[in-house]
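Student: Below is a structure I'd like to ask you about.
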Amino acid sequence: MRIARDDVPDEPLGLDLLPGAEVAGFIIEERLAAGSFGALYRARRGGKRFAIKLVPRDARGEREVDALRRVQELPVVGFLGYGLWPEEKPRFIVLALELVEGVALDTWAREFNPSTSELLTQVMLPLVSTLGLLHAAGVVHRDVKEANIVMRQKDGHPVLVDFGAAGFEGAQRLTLRLPPGTPEYRSPEVVRFAREWEGEPPPGRPGDDLWALGVTLYALLTRTLPFGDRHGSLAQAILEDAPEPPHVRNPRVPATVGELCLRLLAKEPAERPADASALELDLKTALAGADAAWDEPLFDGGRKPLPPAEPCLPLMPEPESPLAPEPRRWPVALALSALAALFLAPATPLQESTVLFPTSLVVSRHEMAKVDMTGEVVSSAGLQKSPPPALVAHATNPAEIPMRPSPKNRRLMATAAATAAICTAPACVSTPKPAPPLPAEPCPAGSEKTRERLGLGPTEDVKVWLMTYLRGKDFTSFISVKSGPVVAEPKILPLPISNVPWNTQELIPKRTIFKGQIYTRENRVYGRFTEVTLPGEKPMPICMEMDDGGLDEPGVEIYGGTRGNPKISPSALLRTMPEFRPIPSR
1 MRIARDDVPD
11 EPLGLDLLPG
21 AEVAGFIIEE
31 RLAAGSFGAL
41 YRARRGGKRF
51 AIKLVPRDAR
61 GEREVDALRR
71 VQELPVVGFL
81 GYGLWPEEKP
91 RFIVLALELV
101 EGVALDTWAR
111 EFNPSTSELL
121 TQVMLPLVST
131 LGLLHAAGVV
141 HRDVKEANIV
151 MRQKDGHPVL
161 VDFGAAGFEG
171 AQRLTLRLPP
181 GTPEYRSPEV
191 VRFAREWEGE
201 PPPGRPGDDL
211 WALGVTLYAL
221 LTRTLPFGDR
231 HGSLAQAILE
241 DAPEPPHVRN
251 PRVPATVGEL
261 CLRLLAKEPA
271 ERPADASALE
281 LDLKTALAGA
291 DAAWDEPLFD
301 GGRKPLPPAE
311 PCLPLMPEPE
321 SPLAPEPRRW
331 PVALALSALA
341 ALFLAPATPL
351 QESTVLFPTS
361 LVVSRHEMAK
371 VDMTGEVVSS
381 AGLQKSPPPA
391 LVAHATNPAE
401 IPMRPSPKNR
411 RLMATAAATA
421 AICTAPACVS
431 TPKPAPPLPA
441 EPCPAGSEKT
451 RERLGLGPTE
461 DVKVWLMTYL
471 RGKDFTSFIS
481 VKSGPVVAEP
491 KILPLPISNV
501 PWNTQELIPK
511 RTIFKGQIYT
521 RENRVYGRFT
531 EVTLPGEKPM
541 PICMEMDDGG
551 LDEPGVEIYG
561 GTRGNPKISP
571 SALLRTMPEF
581 RPIPSR
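Anchor point for the sequence shown: position 64 equals 64 in UniProt numbering, and the numbering is continuous, going up by one each time.
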């Protein structure tokens with residue numbers, strides 16, 4: 001019988017590869033972390049550094065591969081490939097990812113001592129967006145906590161890591177005495193299930209991740225855990241006890257935020273936010289009522305300055321094709337050097353096979369916190385060392401991928417380099433004159449017929465990526481936009497938006513193209529979309545406005561940037577309209 005994480009000490013698997021050892025074509029440089037279910041190493045190949053994770057070749061390891069493959073198009077763990085090692089009698093699965101630096105969320109919070117506004121804007125909102133994408137893909141992380149959230153060093157964005165406990169429909173079942181994940185972060189439903197039945201819980205509920213995010217938020221606001229730790233009556237506390245309100249334990253926490261945190265930790269699921277989209281709306285509503293007190297650090301003591309904002313982006317030529325970026329291909333020489341066969345098989349279970357080289361791989365980055373930089377809050381608010389997060393990946397900058405660009409891309413790179421050379425920080429900050437207001441306008445002729453063909457109601461939303469600004473960018477990062485043409489594509493999977501039926505976006509085929517115009521203003525960014533093209537068909541008129549849901553006014557919220565190049569979320573809602581509403585001058 002397989003045993004759960006809580007039933008064993010955190011002991012290495014006997015893997016202690018020395019620097020210089022070769023695994024799957026990678027040269028080991030240093031062991032970064034090791035535990036009872038895997039070992040993580042920094043390694044190099046072809047002049048580049050990577051992180052490789054070795055996990056046992058068993059049902060648990062195969063499930064982790066399946067989970068990684070299911071989320072490889074999302075802004076979480078994406079991997080270069082996997083293989084079996086050693087070649088002669090394989091005992092391990094080798095997962096290969098690209099390495100970058102970062103620290104765990106709790107360490108980041110203690111070092112930077114963020115304000116409430118910074119915590120919600122820089123950490124919580126991006127995490128909620130990531131969880132929404134994850135759940136829409138049918139995957140539940142099942143181990144959300146500070147130690148599994150890495151703050152990327154270069155830009156301060158949070159990245160969810162370690163999918164070793166992830167659940168999804170069709171996953172191989174494991175016989176467990178305890179549910180997966182970390183005890184202090186388990187929801188009442190998981191605790192109750194564990195008491196009533198011996199065996200693995202179902203693949204997981206999205207609400208379990210949101211509950212764990214509530215525990216995480218409470219810990220960040222108070223530096224204590226809401227229900228204590230596993231050394232006390234933890235299960236009973238999770239099922240029965242009401243935690244002390246965060247704004248009572250820490251008076252610097254705004255009451256609005258403390259109450260939202262308590263709603264995330266309500267005993268009954270019906271009393272919590274229904275899904276990630278509902279939580280995102282709650283967070284934005286709370287931020288809309290912020291005052292000056294929200295900008296004060298949450299705790300006494302010094303603080304490091306937060307990472308600087310991303311530098312302004314050089315203007316790039318508008319993409320010729322509106323399609324989403326395809327997975328990049330490995331150069332032939334690099335593929336042929338993969339001695340131990342990194343491959344993306346169509347499905348697990350894994351089988352011994354001849355060498356298979358990747359023809360199409362999602363290139364991604366790996367992040368982890370070093371052992372001596374990672375801490376975890378406990379019930380007494382003391383800082384203890386905790387295991388570092390395992391794996392995290394996100395889309396790389398194309399310029400960092402070791403491949404020769406096409407002639408077209410070389411021209412674009414030259415243009416970008418020339419622009420960047422003259423685009424100093426002060427020069428990039430422009431102060432455009434206020435734009436004239438735009439009056440209400442009628443919809444294009446024939447747009448109502450198109451709307452009916454798409455199966456959309458008179459005021460119905462479709463969630464989209466703003467692809468004009470996302471080529472080669474990280475889908476978790478805010479994007480800098482400017483007034484002008486824009487191309488959008490529907491998200492591959494529907495998100496559970498409160499006012500959109502689950503099946504609405506399933507009616508919109510993948511690779512559908514929406515074209516429109518963006519209008520940047522001082523307070524919001526607006527968008528009018530007048531054309532839609534279904535795959536293989538001619539363009540059709542449409543009448544849709546860009547918004548962020550739950551508001552009576554059009555447009556989307558701004559998250560910093562400059563007046564001429566504000567930053568917004570990379571995704572938005574396109575709402576069908578009977579006419580285009582006015583757009584103000586500011």
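Where a beta carbon is used, it is the ideal one built from N, C-alpha and C, also for glycine.
It should be emphasised that the depicted structure is a prediction, and the values quoted were computed from it without experimental measurement.
#1: Excluding five sequence neighbours on each side, which residues of the same chain lie with their C-beta closer than 6 Å to the C-beta of ILE479?
#2: Could you round the C-beta distance between THR116 and LEU298 to whole angstroms and report it? I think they count as a contact, below 8 Å.
#3: Using a Cβ-Cβ cut-off of 8 Å (strictly less than) and excluding sequence neighbours within five positions of GLU30, which residues of its own chain qualify?
#4: My parser needs the alpha helix (DSSP H) runs of 4 or more residues fully inside the stretch 226 to 259; what are they?
#5: Leaving out the 5 sequence neighbours to the left and right, which residues in its chain are closer than 8 Å to ASP241 when beta-carbon positions are compared?
#6: Three-state secondary structure (DSSP) at LEU573?
#7: Who are the Cβ neighbours of ALA440 in its own chain at under 7 Å, not counting the five residues just before and after it?
#8: Verify the contact flag: VAL462, CB atom, against every heavy atom of the ligand FMN, threshold strictly below 6 Å.
#9: On the premise that ALA572 lies in contact with LEU456, defined as a C-beta separation below 8 Å, what is that separation, rounded to the nearest angstrom?
#10: Are three or more beta carbon pairs between the stretch 94 to 103 and the stretch 209 to 219 nearer than 8 Å?
#11: Output the distance between the C-alpha atoms of ARG521 and ARG528, rounded to the nearest integer angstrom.
#12: Excluding five sequence neighbours on each side, which residues of the same chain lie with their C-beta closer than 6 Å to the C-beta of ALA109?
#13: Which ranges does the alpha helix (DSSP H) cover as unbroken runs of at least 4 residues, wholly within the stretch 43 to 84, from first to last along the chain?
#14: Inspect the beta-carbon positions of LEU99 and ALA51 and report whether they are closer than 7 Å.
#15: Please classify GLN236 as buried or exposed, where buried requires at least 16 other C-beta atoms within 10 Å of its C-beta.
#16: Closest to GLU244 by C-alpha separation, out of SER233, LEU265, GLY232, would be which residue?
#17: What's the C-alpha gap between ALA488 and VAL556?
#18: List the DSSP bridge partners of ALA488.
#19: Have a look at LYS567 and ARG91 and give me their C-alpha separation to the nearest angstrom.
#20: Whole angstroms are fine: how far does the CA of THR222 sit from the CA of GLY156?
#21: Is it true that the stretch 127 to 139 meets the stretch 57 to 75, where meeting means three or more beta-carbon pairs spaced less than 8 Å apart?
#22: Considering only C-alpha positions, which residue in the set GLU169, GLU101, MET540 is nearest to residue 603?
#23: With a threshold of 7 Å on Cβ separation, who are the neighbours of PRO86 within its own chain once the five nearest residues in sequence on each side are excluded?
#24: Which one or two residues does DSSP pair with TRP294 in a beta bridge?
#25: Provide the residue(s) that pair with PHE580 in DSSP beta bridges, ordered along the chain.
#26: So which of TYR519, THR576, LYS304, VAL257 has the shortest CA-CA distance to ILE558?
#27: Select from GLU111, GLU271, GLU146, VAL532 the residue whose C-alpha is nearest the C-alpha of LEU127.
#28: By how many angstroms is the C-alpha of LEU125 removed from the C-alpha of LEU260?
#29: Nearest-angstrom Cα distance between ASP143 and PRO584?
#30: According to DSSP, which residues form a beta bridge with THR520?
#31: Specify, as a first and last residue, the run of the alpha helix (DSSP H) that LYS449 falls within.
#32: Assuming GLU184 and VAL215 form a contact by the criterion Cβ under 8 Å, report the distance between their Cβ atoms to the nearest whole angstrom.
#33: Could you tell me which of VAL481, GLU169, GLU545, ARG303 sits nearest to GLY561, measuring between CA atoms?
#34: Can you tell me where the alpha helix (DSSP H) holding LYS284 begins and where it ends?
#35: What does the alpha-carbon distance come out to for the pair LYS449 and MET540?
#36: Is SER187 helix, strand or coil by DSSP?
Tutor: For this structure:
#1: TYR469, PRO570
#2: 6 Å
#3: PRO19, TYR41, ARG42
#4: 234 to 240, 246 to 249
#5: PHE227
#6: strand
#7: GLU579, PHE580, ARG581, PRO582
#8: In the structure shown, the ligand FMN is absent, as is every other ligand, since no ligand is present at all.
#9: The pair is not a contact, with the Cβ atoms about 16 Å apart (cut-off 8 Å).
#10: no
#11: 14 Å
#12: LEU220
#13: 59 to 70
#14: yes
#15: exposed
#16: LEU265
#17: 15 Å
#18: PHE514
#19: 47 Å
#20: 21 Å
#21: yes
#22: Here the chain has residues from 1 to 586 only, and residue 603 is not among them.
#23: none
#24: Answer by DSSP bridge pairing: none, since TRP294 is not bridged.
#25: GLU441
#26: TYR519
#27: GLU146
#28: 14 Å
#29: 45 Å
#30: VAL525
#31: 447 to 454
#32: 7 Å
#33: VAL481
#34: 276 to 288
#35: 9 Å
#36: coil
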